[in-house]
Structure formats: structure tokens, C-alpha cells
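Enquirer: So the sequence shown is numbered by the working numbering: it starts at 35 and just counts up by one. Just passing along the structure, written as C-alpha cells.
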Amino acid sequence: MLQIIKISINQMMIALITLVAIMMFALMIMVWKMSTNITDKLETLTQFKHITLMVKDIRYHTVQVQQFFTDAALTKDRSGVSEATKHFNDAKDLFNQLVYLLPDKKNNIENATQYLNKMVF
Numbered sequence: 035m036l037q038i039i040k041i042s043i044n045q046m047m048i049a050l051i052t053l054v055a056i057m058m059f060a061l062m063i064m065v066w067k068m069s070t071n072i073t074d075k076l077e078t079l080t081q082f083k084h085i086t087l088m089v090k091d092i093r094y095h096t097v098q099v100q101q102f103f104t105d106a107a108l109t110k111d112r113s114g115v116s117e118a119t120k121h122f123n124d125a126k127d128l129f130n131q132l133v134y135l136l137p138d139k140k141n142n143i144e145n146a147t148q149y150l151n152k153m154v155f
């Protein structure tokens with residue numbers, strides 16, 4: 035038959051408080067792990083955004099180099115060459131920063147840099 039266990043109210047309260055404390059501790063660990071994971075993902079997204087903006091700026095500077103050289107060639111006015119050189123240097127600086135941020139893509143970035151060099155030289 036069923037045996038009735040006699041537990042005092044104090045023992046029941048202690049057991050209940052212990053159970054709640056264990057559950058809260060487990061919940062705190064879960065929240066901590068989730069927040070660490072979210073922080074890592076946020077950091078990755080922030081870096082991805084930064085790299086995307088750098089690539090956008092490289093594209094802009096590359097188009098500007100091409101545009102200033104085209105204008106200079108068509109008008110025979112060499113004043114645009116200094117502007118093209120400035121944009122060329124800005125693009126090269128951004129390429130160097132990309133190599134630092136993405137060392138595993140160094141070969142691809144260097145190939146793109148060589149393409150930019152061919153536009154100028």
C-alpha cells in the first residue's frame with residue numbers, strides 16, 4: 035500500500051526553495067550562454083558590415099580613378115590625374131586594411147589590387 039510520508043512545512047519550504055534556486059541557476063546559465071552567443075554573432079555582423087562598407091568604398095574609388103583618367107584622356111587636361119591618384123591611394127589603403135582583416139582572402143585581394151594597378155600604370 036501507499037505509505038504517507040510525513041514532511042513538515044519547514045522541510046517542504048526548504049525543498050521548494052532549493053528547487054526554485056536550482057531552476058533559477060540553470061536559467062541564469064542558459065541566459066549567460068545565449069548572451070555570449072549573441073555577443074559573438076553581433077561582433078561578427080559588425081565586422082561584416084565594416085568590411086562591406088570598405089568594399090563599397092573601394093568600388094567608389096576605383097570608379098573615380100577610371101572616370102578621372104577617362105576625362106583626362108578625352109579632354110587632354112591632366113588636372114584630373116592628381117584626383118585619380120588620390121582615389122588610387124585611398125583604394126590601395128582600403129585593400130591593405132582588407133588584407134589585415136581577411137588574411138585568408140589575401141590572394142583574392144592582391145589580385146584585385148593588381149587589377150587596380152593595371153588601370154593606373
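Where a beta carbon is used, it is the ideal one built from N, C-alpha and C, also for glycine. In this text the structure is predicted, and so the values were computed from the model without any measurement.
(1) Rounded to the nearest angstrom, what separates K139 and V133 at their Cα positions?
(2) Using only CA atoms, which one of M68, R112, S116, H121 lies nearest to I92?
(3) Which residue from S113, T70, T86 puts its Cα closest to that of V99?
(4) Taking the alpha-carbon positions, what's the L136 to V97 distance?
(5) Can you tell me which of the three DSSP states S113 falls into?
(6) Hey, could you find the ends of the alpha helix (DSSP H) K152 is sitting in?
Expert: Quick look at the numbers:
(1) Answer to the nearest angstrom: the Cα atoms are 7 Å apart.
(2) Among M68, R112, S116, H121, the Cα nearest to that of I92 is on H121.
(3) Closest option to V99, judged by alpha-carbon separation, among S113, T70, T86: S113.
(4) If you take the alpha carbons of L136 and V97, they lie about 23 Å apart.
(5) In the three-state reduction of the DSSP assignment, S113 falls in the coil class.
(6) Here the alpha helix (DSSP H) through K152 covers 140–154.
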